[in-house]
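> Take this structure, written in structure tokens, and hold onto it; I'll ask about it next.
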Amino acid sequence: MKIRVAAVQLNSILGNVEENAMKALKLLEKAINPAQQKPDLIVFPEMALTGYNFRSPQQVSPFLETVGKGRSYEFGRLISEKWNCLTLLGYPETFSGKIYNSAVLIDSKGCVVYNYRKTHLYETDKLWGCSESPDGFKSFDVEIRGHKVKSIIGICMDLNPYEFTAPFDAYEFATIAAKDKCQLIIIPTAWMNSAWKENWTDEEVNNFREVYDSNEVEEIDTIANETRDRRIYSEDALEYHFGLTDNRTARYWIMRLDPLFSKPHPDLIQGVIICNRSGMEDRLMYAGTSSIFTFGGGPMIKDCNHVTIDVKIHGSLGQGTEGVIIRDIEI
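The opening position of the sequence shown corresponds to residue 1 in UniProt numbering, with each subsequent residue numbered one higher.
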């Protein structure tokens with residue numbers, strides 16, 4: 001079955017919910033041609049409208065939502081109803097006195113199909129009082145074009161080993177996706193750029209911040225590749241290229257999905273949408289590079305110098321851009 005999917009990459013400003021929502025809507029209106037087929041699924045990043053880098057439970061508190069209520073849900077419902085599609089976006093959830101880093105999937109009628117809570121927490125999640133999902137990784141069915149599609153959602157750190165202490169080759173999230181034969185794997189993220197360092201000096205932070213403050217690079221990458229803006233780089237920021245992908249991050253994402261390609265499954269094609277954010281928040285810099293892959297289930301071939309896997313990279317956005325990528329994928 002062929003479906004059309006879209007990922008919306010944002011440089012969300014912390015706490016500026018309305019501004020972030022307006023920007024996201026405008027990007028989609030530019031990207032989706034009314035005369036053409038609309039996406040079946042639109043994916044937004046982790047904590048898409050609120051921003052991610054909160055420093056305390058008190059700071060995130062005004063933005064917390066319950067499932068199916070609140071500004072993030074209302075925005076997702078607007079997108080789903082406007083384009084008659086599924087919409088997934090990340091948001092900060094409150095439930096039974098606990099805080100979760102969550103992602104909600106909303107259908108074309110504005111109903112909640114599935115709500116997922118992040119299982120593997122990053123240190124930033126803990127700063128604002130986030131709790132681990134009590135349910136872990138679970139697959140679920142979602143209807144697309146009259147077909148039930150086995151799906152799974154993971155959020156950012158879920159791709160990494162638990163607490164960075166679990167065995168690297170445990171591949172907890174991808175193992176469930178492979179075992180349950182998921183056709184659609186959706187991963188909203190706020191993933192750090194491979195050029196970012198925790199020990200950046202103030203000068204290094206300011207160099208990159210000035211690049212973002214002085215340039216707004218928009219990228220609309222549709223089926224027809226209508227616009228490809230690849231124009232910005234800065235020697236002051238270590239020749240950082242806005243429009244190029246963060247290849248080290250993209251390769252790492254694929255590596256962390258090892259169970260999808262290390263064993264043959266010729267009767268199953270698995271589509272992966274990774275929707276990351278871009279830009280800077282305080283001293284953090286994100287990787288952008290939102291990507292759409294499919295794993296075809298063919299054998300992994302090793303020789304003395306190379307490993308070949310059955311993956312098709314349908315496209316990626318730049319590491320520093322804001323924009324939309326739309327692709328047709330077979331699942």
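All C-beta atoms, glycine included, are put in the ideal place defined by N, C-alpha and C.
State whether the segment 254 to 263 contacts the segment 278 to 286, with contact taken as three or more CB pairs (one from each stretch) at a distance under 8 Å.
No, they do not touch.
> Smallest Cα separation from leucine 323: which of Lys98, Glu65 and Gly315?
Here residue 323 is taken as the residue at index 323 of the sequence shown, counted from 1. In the sequence on display, residue 323 carries glycine and not leucine. Nearest of Lys98, Glu65 and Gly315 to glycine 323, Cα basis: Gly315.
> Under the three-state reduction of DSSP, which class applies to residue 361: helix, strand or coil?
In the structure as shown, the chain begins at 1 and stops at 331. Residue 361 is therefore absent and cannot be evaluated.
> What would DSSP say about aspartate 310, mapped onto helix, strand or coil?
Taking the sequence shown and counting its residues from 1, the one referred to as residue 310 is at position 310. Reduced to three states, the DSSP call for aspartate 310 is coil.
> Compare the C-alpha of tyrosine 252 against each of Ser194, Lys302 and Arg209 and name the closest.
For the purposes of this step, residue 252 is identified with residue 252 of the sequence shown, where counting begins at 1. Ranking Ser194, Lys302 and Arg209 by Cα distance to tyrosine 252 puts Ser194 first.
> Using the three-state DSSP reduction, which class does glutamate 198 fall into: helix, strand or coil?
Counted from its first residue, the sequence shown places residue 198 at position 198. Three-state DSSP puts glutamate 198 in coil, outside helix and strand.
> Give the single residue among Tyr100, Asn101 and Thr87 whose Cα lies nearest to the Cα of cysteine 111.
Sequence index remark: in the sequence shown, residue 111 carries index 111 (1-based). Selected option, being the one with the closest Cα: Thr87.
> Which residues mark the beginning and the end of the alpha helix (DSSP H) in which isoleucine 153 is found?
Counting from 1 along the sequence shown, the entry for residue 153 is found at position 153. Unbroken run through isoleucine 153 is the beta strand (DSSP E), 147 to 153; no alpha helix (DSSP H).
> So, at 8 Å on beta carbons, what are the nonlocal neighbours of glutamate 65 in its own chain, with the 5 sequence-adjacent residues on each side left out?
Locating residue 65 in the sequence shown gives position 65, counting from the first residue. Arg71, Ser72, Tyr73, Tyr91, Pro92, Glu93 and Thr94.
> Would the beta-carbon of valine 43 fall within 9 Å of that of alanine 7?
If you number the sequence shown from 1, residue 43 lands on position 43. If you number the sequence shown from 1, residue 7 lands on position 7. Yes. Within cutoff.
> Helix, strand or coil for valine 43 per DSSP?
One-based indexing of the sequence shown puts residue 43 at position 43. Reduced to three states, the DSSP call for valine 43 is strand.
> Does DSSP put glutamate 93 in a helix, in a strand, or in coil?
By one-based count along the sequence shown, residue 93 stands at place 93. Glutamate 93: strand per DSSP, three-state reduction.
> By DSSP's criteria, residue 338 is part of a beta bridge. Which residues make up the other side?
The chain is shown only over 1 to 331; residue 338 falls outside these bounds and no answer can be derived.
> Nearest by alpha-carbon distance to threonine 124: which of Asp303, Met47, His306 and Lys179 is it?
Taking the sequence shown and counting its residues from 1, the one referred to as residue 124 is at position 124. The option with the nearest alpha carbon to threonine 124 is Met47.
> Consult DSSP for alanine 237 and reduce its assignment to one of helix, strand or coil.
Position 237 of the sequence shown, counting from 1, holds the residue named residue 237. No answer about alanine 237 holds up, because its pLDDT of 40 lies below 50 and its placement is not dependable.
> Is it true that the CB of isoleucine 186 sits closer than 9 Å to the CB of isoleucine 313?
Locating residue 313 in the sequence shown gives position 313, where the first residue counts as 1. Locating residue 186 in the sequence shown gives position 186, where the first residue counts as 1. No, they are not a contact pair.
> Can you tell which of Met192, Ile269, Met255 and Ser139 has the C-alpha that lies nearest to the C-alpha of asparagine 276?
Residue 276 sits at position 276 when you count from the first residue of the sequence shown. Comparing Cα-Cα distances from asparagine 276 to each of Met192, Ile269, Met255 and Ser139, the minimum goes to Met192.
> Alpha carbon to alpha carbon, what distance is there between aspartate 221 and phenylalanine 293?
Here the question's residue 293 lines up with position 293 in the sequence shown. Here the question's residue 221 lines up with position 221 in the sequence shown. Going from the Cα of phenylalanine 293 to the Cα of aspartate 221 covers about 15 Å.
> Go ahead and label lysine 148 buried or exposed: buried means 16 or more other beta carbons lie within 10 angstroms of its beta carbon, across all protein chains shown.
Working through the sequence shown from its first residue, we reach residue 148 at position 148. Result: exposed.
> Specify the secondary structure class of glutamate 322 as computed by DSSP and reduced to three states.
Sequence index remark: in the sequence shown, residue 322 carries index 322 (1-based). Three-state result, glutamate 322: strand.
> Apply the 10 Å Cβ neighbour rule to serine 291 and answer buried if 16 or more other Cβ atoms are within range, or exposed otherwise.
The count along the sequence shown starts at 1 and reaches residue 291 at position 291. Buried: at least 16 other Cβ atoms inside 10 Å.
> Start and end of the alpha helix (DSSP H) containing serine 80?
Along the sequence shown, read from residue 1 onward, the residue named residue 80 stands at position 80. Note, serine 80: alpha helix (DSSP H), 71 to 83.
> Taking DSSP as the reference, what is the three-state secondary structure of valine 17?
To locate residue 17, count along the sequence shown from 1; it is residue 17. If DSSP states are grouped into helix, strand and coil, valine 17 belongs with the helices.
> Rounded to a whole number of angstroms, what is the C-alpha to C-alpha distance between valine 311 and phenylalanine 295?
Working through the sequence shown from its first residue, we reach residue 311 at position 311. Working through the sequence shown from its first residue, we reach residue 295 at position 295. Near 4 Å, if we compare the C-alpha coordinates of phenylalanine 295 and valine 311.
> Between the C-alpha atoms of aspartate 40 and glutamate 81, what's the straight-line distance to the nearest angstrom?
The residue given as residue 40 occupies position 40 in the sequence shown. The residue given as residue 81 occupies position 81 in the sequence shown. Distance between the alpha carbons of aspartate 40 and glutamate 81 is about 12 Å.
> Would you mind giving the Cβ-Cβ distance between phenylalanine 137 and threonine 119, rounded to the nearest angstrom? I have them listed as a contact below 8 Å.
The sequence position of residue 137 within the sequence shown is 137, counting from 1. The sequence position of residue 119 within the sequence shown is 119, counting from 1. Sure, about 6 Å apart at Cβ, within 8 Å.
> Just mark glutamate 29 as buried or exposed, buried being the case when its beta carbon has 16 or more other beta carbons within 10 Å.
Residue 29 sits at position 29 when you count from the first residue of the sequence shown. So glutamate 29 counts as exposed.
> Identify which residue in Thr165, Phe164 and Leu159 has its Cα closest to the Cα of alanine 177.
Against the sequence shown, residue 177 aligns to sequence position 177. Comparing Cα-Cα distances from alanine 177 to each of Thr165, Phe164 and Leu159, the minimum goes to Leu159.
> Going by C-alpha distance, which of Pro299, Arg256 and Gly15 is nearest phenylalanine 168?
By 1-based counting over the sequence shown, the position of residue 168 is 168. Answer by Cα proximity: Arg256.
> Between the beta-carbon of alanine 250 and the beta-carbon of proline 45, is there less than 9 Å?
Reading the sequence shown from its first residue, position 250 is the one you call residue 250. Reading the sequence shown from its first residue, position 45 is the one you call residue 45. No, they are not a contact pair.
> By the DSSP assignment, the beta strand (DSSP E) with leucine 184 in it spans what residues?
Walking along the sequence shown from the start, residue 184 turns up at place 184. Leucine 184 -> beta strand (DSSP E) spans 184 to 188.
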